[in-house]
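Before any comments, here is the structure.
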Amino acid sequence: MTPGPTEIPERVREALARPIANPDVNPAFLDTYRSLTADLAAVYSTEKDIVVLGGEGVLGLETAVASTIESGDRVLCVANGLYGEYFAEFVASQDGDPVLCSFPADEPIDPNAVREAIEKAARDGEAFAAATFVHCETPTGTINDLETVLGHCREAGVLTIVDAVSSLGGAPVPMDETDLCIGASQKCFSAPPGLTTLAVSEAAWERIEATDARGLYTDLEPWRDIETTGEFPYTHLVSNCYGLAEAVSMLREEGLADVFERHEASAKRCRELGAEIGLDTDAEEPLCSPTVTAFEVDSALAIQGVLHEEHDILVGTGLADRENDLLRIGHMGYNADVEHVERTMDALEDVLDGSDDWDTGF
Ligand SMILES: Cc1ncc(COP(=O)(O)O)c(C=O)c1O
C-alpha cells in the first residue's frame, strides 16, 4: 500500500513472461506498441501523440525539459511541493533559467499569481519559454486543480509541462491546455517500474524540432514518426511494454469512469477511517488526492516498521525533512480498493493502539 511501485495483478505478471519479439525486426512489436499508445491516449483522454520511453518517471520529466528547453530559456516552475521544485533542477541541468513560483504545500496554486508572473515577465522582456506543474504531489497527497492556470499559460503562449506521474490512470488529468504530460508505469497502472509515458501536443512537437536538445536518450525528436516508420531509436523494453499494455487494457475493460470512481471511493474510505482513529490528513479538501493519502503522525518510520513486521503491510513515510512526520497510504492502481484500504487502516489502528509496546529500533 505504498504510493508506488504498486502491487501488480496476475494478468500483468503473465504478460511479462511472454516470449520477446525483437523490437527492431519483428513487426509484432510495433503492433504492441501501437495498441499500447492507443490505449494510453484513451486513459489520458487525448488525441495528442503518446510516446512510451524505456525508463522511470524521472526520465520522462527530464526528457520533457531536455527536448524543449535551451540554454538561457526562462522557465516558470510552479510548485506547492517537492516534485514541483524538482523541475527547477531539470531546467538548470539544461542551462535554462528556472524561476520558482512557490506556494505552501497545504495551499492550492493561485492561478492569478501565476498569470501575473507570466505577464510581468513578458512586460519586462523576459518572457517564459515554458511553465512546469505537478498534478499530484505524492509526498503530501495533494492534487492540484490545474485547468485555469494552464489556460492562462496557453493564452500567453507559454508551453506547459505537467508531471502526472502519480495521478495518470487514477484520476482525470488536465490535458486540453497541456503540451507535455508525463506518467509512469509503476503508479496507477500497476505495471512494473521501467516505462514512462508522454502525451505530446503539436505545439510541443514544433518546439522539440526547433530545440537543439543536449541529450541523446532524452531527445524526443526521433520518436515523432515512430508509429509509421517502426524505427525505434534504441532497443525498447519489450517485456515492460507487454506488461504495461496488459495493465492499460485492464483499465479500459473496467471503464475509465469506474476506475476513477474506485480511486475516489478508496481515498474517501481511507480519510474516513483515519479520522475515526484521530489522524489528520496533510492535504485538506478539496486538495486530497484520490491516489495517495498522507496522514500526520509522530514516528512514521517506527509505525511503518511495525505495520510491515506485524501485519505484512508496507506503506510509505514522508519524504526529505518530513520523513518521520507523515505516513503515506497509496490507494493507487490495483491497491485502489476499499477492502485493501480497510485492512490497512485496521492494522494501522492496531499498531497505534500498541504504540507503548514498540521497540523503536526501526
Ligand atoms: C509526482 C511524482 N513525480 C515524479 C516521480 C518520479 O517517478 P519515478 O520514481 O518513476 O522516477 C514520482 C515518484 O514517486 C512522483 O511521485
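Read in order, the letters of the sequence shown correspond to residues 1 to 362 in the working numbering.
C-beta atoms are modelled at their ideal positions from N, C-alpha and C, and glycine is treated no differently.
- Message: Assuming Glu296 is part of the beta strand (DSSP E), what are its boundary residues?
- Response: 292-296
- Could you check the C-alpha separation between Thr197 and Leu82 for me, to the nearest Å? 21 Å
- From the DSSP output, read off the bridge partner residues of Thr160. Ala131
- Item | Any alpha helix (DSSP H) of 4 or more consecutive residues that is wholly inside the segment 191-215 | 202-210
- Any idea if Thr229 is buried or exposed, counting beta-carbon neighbours within 10 angstroms, 16 or more meaning buried? Burial is judged here by how many other beta carbons sit within 10 angstroms of a residue's own beta carbon; Thr229 has fewer than 16 and is exposed.
- Flag Gly4 as yes when its Cβ comes closer than 7 Å to any non-hydrogen atom of ligand 1, and as no otherwise. The answer is yes for Gly4.
- Where Thr46 sits in the DSSP three-state scheme: The three-state reading of DSSP puts Thr46 in coil, since its state is none of H, G, I, E or B.
- Message: What residue range does the beta strand (DSSP E) around Ala79 cover?
- Response: 74-79
- Message: With three or more C-beta pairs closer than 8 Å as the rule, is the segment 104-113 touching the segment 246-255?
- Response: no
- Query: Looking only at C-alpha atoms, which of Gly170, Ala302, Leu150, Ser45 sits nearest to Asp356?
  - Reply: Ala302
- Does any residue of chain D bring its CB to less than 8 Å from the CB of Ser355? Looking at the structure shown, chain D is missing, and only one protein chain is on hand.
- Would you mind stating whether Leu53 and Thr46 have Cβ atoms separated by less than 8 Å? no
- Message: Which same chain residues end up closer than 7 Å to Leu36 when comparing Cβ atoms and leaving out the 5 residues on each side of it in sequence?
- Response: Val52, Cys241, Leu244, Ala245, Val248
- Query: When the Cα atoms are used, what is the spatial distance from Val114 to Glu155?
  - Reply: 12 Å
- Item | Test item: CB-CB of Met332 and Pro9 under 8 Å | Taking 8 Å as the cut-off, the Cβ atoms of Met332 and Pro9 do not count as close.
- Please name the residue or residues paired with Arg328 in a DSSP beta bridge. The partner list for Arg328 (beta bridge, DSSP) reads Ala294, Gly316.
- Task: Just the C-alpha distance for Glu137 and Pro222, rounded to the nearest angstrom, thanks.
- Result: 30 Å
- Element boundaries [alpha helix (DSSP H), containing Leu100]: Leu100 -> not in any alpha helix (DSSP H); beta strand (DSSP E) instead, spanning 97-102.
- Tell me whether Thr344 sits in a helix, a strand or coil according to DSSP, three-state version. helix
- Query: When you compare only the Cα positions, how much space is there between His340 and Ala347?
  - Reply: 11 Å
- Message: So Cys101 and Phe87 are supposed to be a Cβ contact under 8 Å. How far apart are they, rounded?
- Response: Incorrect: roughly 11 Å between the Cβ atoms, too far for contact.
- Query: Does DSSP classify Ala171 as helix, strand or coil?
  - Reply: strand
- Message: Am I right that Gly215 and Ala66 are in contact with their C-beta atoms under 8 Å? What's the rounded C-beta distance?
- Response: 5 Å
- Out of Leu146, Ala130, Asp39, Phe29, state which residue places its alpha-carbon closest to the alpha-carbon of Asn80. Leu146
- Confirm the yes/no value for this check: CB of Thr160, any heavy atom of ligand 1, distance under 7 Å. no
- Can you give the Cα-Cα distance for Ile69 and Val338, rounded to whole angstroms? 42 Å
- Message: Beta-carbon within less than 7 Å of His308's beta-carbon, same chain only, minus the 5 sequence neighbours each way: which residues are those?
- Response: Sequence-distant partners of His308 (beyond 5 residues in either direction) whose C-beta falls short of 7 Å from its own C-beta, in its chain, are Leu314.
- Query: Under 8 Å, do Gln186 and Thr317 count as touching if we go by C-beta distance?
  - Reply: no
- Could you tell me which residues DSSP puts in a beta bridge with Glu137? Thr142
- Three-way DSSP call (helix, strand, coil) for Ala25 in this model: For clarity, residue 25 is Val in the given sequence; the question names Ala instead. In the structure shown, Val25 sits in coil (DSSP, three-state: anything other than H, G, I, E or B).
- Query: How would you call Asn144, buried or exposed, if buried means at least 16 neighbouring beta carbons within 10 angstroms?
  - Reply: buried
- Task: Would you decide whether Ile50 is buried or exposed? Buried here means 16 or more other CB atoms lie within 10 Å of its CB.
- Result: By the neighbour-count rule (16 or more Cβ atoms within 10 Å), Ile50 is buried.
- Where does the unbroken beta strand (DSSP E) through Gly230 begin, and where does it stop? Run containing Gly230: none; DSSP gives neither H nor E here.
- Item | Ala275, buried or exposed, once every other Cβ within 10 Å from all chains shown has been counted against 16 | exposed
- Item | Proximal residues to Asp282 (C-beta, below 8 Å), its chain only, five neighbours per side dropped | Answer for Asp282: Ala105, Asp106, Thr140, Gly141, Thr142, Ala294, Phe295, Glu296, Leu326, listed in chain order.
- Query: Within this structure, are the beta carbons of Ala213 and Asp179 separated by less than 8 Å?
  - Reply: Taking 8 Å as the cut-off, the Cβ atoms of Ala213 and Asp179 do not count as close.
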